[in-house]
Structure formats: C-alpha cells, structure tokens
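Asker: I'd like to ask some things about the structure below.
Number of protein chains: 2
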Amino acid sequence: MDFSIGELARRTQVKVPTIRYYEQIGLLAPPPRTEGQQRRYDKKSIARLAFIRHARELGFNIEAIRALLSLQDNPDQSCNVADRIASARLAEVEDRIASLSALRTELQRMLEECACGRVAECRVIETLADNSHRHGRLAES
Amino acid sequence: MDFSIGELARRTQVKVPTIRYYEQIGLLAPPPRTEGQQRRYDKKSIARLAFIRHARELGFNIEAIRALLSLQDNPDQSCNVADRIASARLAEVEDRIASLSALRTELQRMLEECACGRVAECRVIETLADNSHRHGRLAES
DNA sequence: CTTGAACCTCTAGTCACTATAGGGACTAGG
DNA sequence: CCTAGTCCCTATAGTGACTAGAGGTTCAAG
Numbered sequence: 001m002d003f004s005i006g007e008l009a010r011r012t013q014v015k016v017p018t019i020r021y022y023e024q025i026g027l028l029a030p031p032p033r034t035e036g037q038q039r040r041y042d043k044k045s046i047a048r049l050a051f052i053r054h055a056r057e058l059g060f061n062i063e064a065i066r067a068l069l070s071l072q073d074n075p076d077q078s079c080n081v082a083d084r085i086a087s088a089r090l091a092e093v094e095d096r097i098a099s100l101s102a103l104r105t106e107l108q109r110m111l112e113e114c115a116c117g118r119v120a121e122c123r124v125i126e127t128l129a130d131n132s133h134r135h136g137r138l139a140e141s
Numbered sequence: 001m002d003f004s005i006g007e008l009a010r011r012t013q014v015k016v017p018t019i020r021y022y023e024q025i026g027l028l029a030p031p032p033r034t035e036g037q038q039r040r041y042d043k044k045s046i047a048r049l050a051f052i053r054h055a056r057e058l059g060f061n062i063e064a065i066r067a068l069l070s071l072q073d074n075p076d077q078s079c080n081v082a083d084r085i086a087s088a089r090l091a092e093v094e095d096r097i098a099s100l101s102a103l104r105t106e107l108q109r110m111l112e113e114c115a116c117g118r119v120a121e122c123r124v125i126e127t128l129a130d131n132s133h134r135h136g137r138l139a140e141s
C-alpha cells in the first residue's frame, strides 16, 4: 500500500530528483518517512503527481500549477479561475506558434536561397548579416 | 567614429548588460578601452552584434552562433556547415510547432468542455486529474 | 568645477530542473 | 548474521541566456 520514491517515479514517469524538488518547493506535501528517513508514498500521491505532470506537459508553470492544485483541493469554488489560467496558457501557446511559424518561414527562405557554394555567397550567412530587416522580439525556445 | 556601449546598445537594440555578457562568453571580442576603462566600439561592432541579434531572433543558441560567426570570418569555406546548422534549427522549430499545436488542441478541448460552474464538475481540472491519457514529453516553453 | 547620466566590476537571481558528491538504508542470498 | 548491491538521503552546484542589484568610477555638458 505504500512505496518508495523510486516506485512513485516509475508509476508516474517523473524522475526521482524532480519529485524531491516538487516537495522542496511545496507542490507536493512532505510524505511520511520510514525510521531510516526514506519517503513512503500512497495512491493519492500518484494522482497528485500525475496531475502535476500532465499540467507541466501542457506547459503550465509552477505558479499556475500551484493555483490549479489548490482549486482541486477546494472543489466548491467557481472554476472561473481555472478557466482563466487555462485560457492564458492557450493564448501563450498561440502566440508562440505564430512567432515560430514566422521563424520557420524565414529559415526556409534562407535555406532555399542558398546555392550552397562558398560561405562568401551563402544566403544563410548573408541573411543573418543583413541589418536591414524587421526587428521583432527574440525567440525564446 | 567610435562610441560607447550605450550607443552600441541603442543602435543594435541589444541591452547593455547583454553586450557585456556576449563579450564575457567570447561572442564579441573585447573592444579597446578609454583611459578610464570604458569600452569603445566602431561600425564593425554594430555589424557583428546585429548578426548575433538576428541569429538569436531566429532561435539559434550561442554555440550555433559561435559556429556561424566563425564561418562568416572564414568566407572561403564551404557553407555546408551553415546549411546544416540552419536546417537543424528549422527541424527544431517544426517539431516545436507540432508539439505546441497538439497542446493547443488539448487546451481548446479542455476549455470548450468546461461548463464553468463549480470546480467539482470543471473539465479543466478533471482533464488534468485524468491519469488515463497519452504520455508525451514535457512542453518546454 | 560641479552635476548627473552613463559607465565599470562583481555577485546573485531567474526557471525548472539535473548532476554530483558523499554518505546511509533496505533487501535478498549465503 | 554478514555481505553485496541497489536504492535512498542531504546538500551543493550547474544548466542557458540573460537580468538585476550593489557599490563605486568616468565622462560630457554647462
């Protein structure tokens, strides 16, 4: 019925140091310990950690997950807050897709135009060196 | 003909501490200094920094930029290397777009299905808590 | 010569982990 | 009971690409 951190890691696909890290930052409650100070988890821990993992997969940051967990713990509240968090994340994802699509286009153009001879006439290098282009913001990935 | 770090920052839209950082990690050569140890730059510095900035906007990492700069400095080489770096970046961008598109779909579904009443019946929270879903890799943005 | 903006170095903080060092605990077999 | 091997523990430092702050110096204008 209760098991080690390694077992929890296997069952949730979250690495052992990551689990300890989540405990340290207060995302996971400190579990009971054996006499020798080893952590022991139960089924509830799996559910909670799976929740966190799924939220991370969707790209929610730790603060957002903290908020989502506290909503899960208080199911009588309105879920407006959850909606707002998820909508904000959706907006971020859409922005990101848009800016990456622009990058893709520029990279493709660079690569297509390169005759691939000497660097001296390479479009890739030339494009980068060209200082007469639009200045968007930096890519973050 | 030569100017301060602040002026270089204004002309390239790269922040002053970032310029010093690039020098520290060896992307920019240490410029000459005034008697009082202040950096003085010339037009070439603008070109070099603009190149770096553009490459960063396209999401190339520092190591890739180091390689691209050294290609620019040796224009007699084949530009295969530049092509390979750019192609690798394009592949990354395409992967990223694909995985973000999947996230977008999942977030949209979550939000559409939420009747937005109490958290107890909120699809957003429920979806996250549902442990019977596909396990892709974590989103990195 | 004085003021104030811009410059200098150095250190630490960001995010969400990941890696390493140096040890202790638990389990299965002999 | 002993040992071997695997797992577990804490604590600290490192990642990438900056950004922020402290505390002090230099420059250009008036």
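Taken in order, these protein sequences are the chains called A and B.
Using our numbering, the letters of the first sequence map in sequence onto residues 1 to 141.
Using our numbering, the letters of the second sequence map in sequence onto residues 1 to 141.
Virtual Cβ for every residue (Gly too), placed ideally from N, Cα, C.
For clarity, every value in this text was computed on a predicted model and none was experimentally measured.
Against arginine 89(B), what residues of chain A qualify as contacts under a CB-to-CB distance less than 7 Å, listed in chain order?
Answerer: Taking the first residue of the second sequence as position 1, residue 89(B) is located at position 89. Within 7 Å Cβ-Cβ: Leu107.
Asker: By the DSSP assignment, the alpha helix (DSSP H) with phenylalanine 51(A) in it spans what residues?
Answerer: Looking up residue 51(A) in the first sequence gives position 51. Note, phenylalanine 51(A): alpha helix (DSSP H), 43 to 57.
Asker: Is isoleucine 85(A) buried or exposed, if buried means 16 or more other CB atoms sit within 10 Å of its CB?
Answerer: Taking the first residue of the first sequence as 1, we reach residue 85(A) at position 85. Result: buried.
Asker: Closer than 8 Å, CB to CB, is aspartate 83(A) near chain B or not?
Answerer: To locate residue 83(A), count along the first sequence from 1; it is residue 83. Yes, because at least one Cβ of chain B sits closer than 8 Å to the Cβ of aspartate 83(A).
Asker: Quick one: is isoleucine 153(A) buried, meaning 16 or more other Cβ sit within 10 Å of its Cβ, or exposed?
Answerer: Because chain A spans 1 through 141 in this model, residue 153(A) falls outside it and cannot be assessed.
Asker: What does a CB cutoff of less than 7 Å around valine 16(A) pick up in its chain, not counting 5 residues either side in sequence?
Answerer: As a first step, residue 16(A) must be located in the first sequence, where it is residue number 16. Same-chain partners within the cutoff: Ile5, Gly6, Ala9.
Asker: Which of the three DSSP states, helix, strand or coil, is assigned to arginine 104(A)?
Answerer: Position 104 of the first sequence, counted from the first residue, corresponds to residue 104(A). In the structure shown, arginine 104(A) sits in a helix (DSSP, three-state: H, G or I).
Asker: Is there a C-beta anywhere in chain A that falls below 8 Å from the one on glutamine 72(B)?
Answerer: Residue mapping note: residue 72(B) aligns to position 72 of the second sequence, counting from 1. Chain A, which has a Cβ nearer than 8 Å to the Cβ of glutamine 72(B), makes this yes.
Asker: Just to confirm, is the Cβ distance from aspartate 83(B) to leucine 107(A) under 8 Å?
Answerer: Translated into the one-based positions of the second sequence, residue 83(B) becomes position 83. Translated into the one-based positions of the first sequence, residue 107(A) becomes position 107. No, these two residues do not count as a Cβ contact at 8 Å.
Asker: Rounding to the nearest angstrom, what Cα-Cα distance links leucine 153(A) and glutamate 63(A) in this structure?
Answerer: Residue 153(A) lies beyond the stretch modelled for chain A, which goes from 1 to 141, so this question has no answer here.
Asker: In chain A, what lies closer than 7 Å to alanine 86(B) by C-beta?
Answerer: The sequence position of residue 86(B) within the second sequence is 86, counting from 1. Chain A residues near alanine 86(B): Leu107, Met110, Leu111, Val124.
Asker: Hey, is arginine 96(B)'s beta-carbon within less than 8 Å of any beta-carbon in chain A?
Answerer: What you label residue 96(B) is simply residue 96 of the second sequence in a count that begins at 1. Yes, because at least one Cβ of chain A sits closer than 8 Å to the Cβ of arginine 96(B).
Asker: When you compare only the Cα positions, how much space is there between alanine 88(A) and lysine 43(B)?
Answerer: Sequence index remark: in the first sequence, residue 88(A) carries index 88 (1-based). Sequence index remark: in the second sequence, residue 43(B) carries index 43 (1-based). So the two alpha carbons sit approximately 43 Å from each other.
Asker: Out of Arg39(A), Glu94(A), Ala102(A), point me to the one whose CA is closest to valine 93(B)'s CA.
Answerer: Counting from one through the second sequence, the residue named residue 93(B) turns up at place 93. If we check each option's Cα against that of valine 93(B), Ala102(A) comes out closest.
Asker: For leucine 128(A) and arginine 11(B), I'd like the C-alpha separation in whole angstroms.
Answerer: Position 128 of the first sequence, counted from the start, is the residue given in the question as residue 128(A). Position 11 of the second sequence, counted from the start, is the residue given in the question as residue 11(B). Taking the straight line from one Cα to the other gives about 17 Å.
Asker: How would you list, in chain order, the residues of chain B whose beta-carbon sits under 7 Å from the beta-carbon of serine 45(A)?
Answerer: The sequence position of residue 45(A) within the first sequence is 45, counting from 1. The contacting residues do not exist; serine 45(A) stays about 12 Å from chain B at best.
Asker: Would you call the CB atoms of leucine 71(A) and isoleucine 65(B) closer than 8 Å?
Answerer: For the purposes of this step, residue 71(A) is taken as the residue at position 71 of the first sequence. For the purposes of this step, residue 65(B) is taken as the residue at position 65 of the second sequence. No. Outside cutoff.
Asker: When the Cα of arginine 48(A) is compared with those of Pro75(A), Ala29(A), Arg123(A), Ser78(A), which residue comes out closest?
Answerer: Residue numbering aside, residue 48(A) sits at position 48 when the first sequence is read from its first letter. Of the candidates Pro75(A), Ala29(A), Arg123(A), Ser78(A), the one whose C-alpha sits nearest the C-alpha of arginine 48(A) is Ala29(A).
Asker: Helix, strand or coil for serine 4(A), going by three-state DSSP, please let me know.
Answerer: Looking up residue 4(A) in the first sequence gives position 4. Coil.
Asker: Alpha carbon to alpha carbon, how far is arginine 96(A) from aspartate 95(B)? Give it in angstroms, no decimals.
Answerer: The residue labelled residue 95(B) in the question sits at position 95 within the second sequence. The residue labelled residue 96(A) in the question sits at position 96 within the first sequence. Aspartate 95(B) and arginine 96(A): Cα-Cα distance of roughly 13 Å.
Asker: Output yes or no for whether 8 Å exceeds the beta carbon distance between glutamate 113(B) and arginine 123(B).
Answerer: If you number the second sequence from 1, residue 113(B) lands on position 113. If you number the second sequence from 1, residue 123(B) lands on position 123. Against a cut-off of 8 Å, the Cβ pair of arginine 123(B) and glutamate 113(B) comes out as a contact.
Asker: Tell me whether glycine 59(B) is buried or exposed, calling it buried when 16 or more other Cβ atoms sit within 10 Å of its Cβ.
Answerer: Against the second sequence, residue 59(B) aligns to sequence position 59. Glycine 59(B) comes out buried.
Asker: Cα separation between arginine 40(A) and tyrosine 22(A)?
Answerer: To locate residue 40(A), count along the first sequence from 1; it is residue 40. To locate residue 22(A), count along the first sequence from 1; it is residue 22. Approximately 15 Å, taken between the alpha carbons.
Asker: Strictly below 9 Å CB to CB, what residues from chain A border leucine 68(B)?
Answerer: In the second sequence, the residue the question calls residue 68(B) occupies position 68. Per Cβ cutoff of 9 Å: Val124, Ile125, Leu128.
Asker: Step through the CB atoms of chain B and report whether any lies within less than 8 Å of the CB of valine 16(A).
Answerer: In the first sequence, counting from the first residue as 1, residue 16(A) sits at position 16. Not an interface residue.
Asker: Quick check on the DSSP output: the alpha helix (DSSP H) that includes leucine 71(B) runs from which residue to which?
Answerer: Numbered from its first residue, the second sequence carries residue 71(B) at position 71. It spans 62 to 73 - the alpha helix (DSSP H) in which leucine 71(B) sits, taken as one unbroken run.
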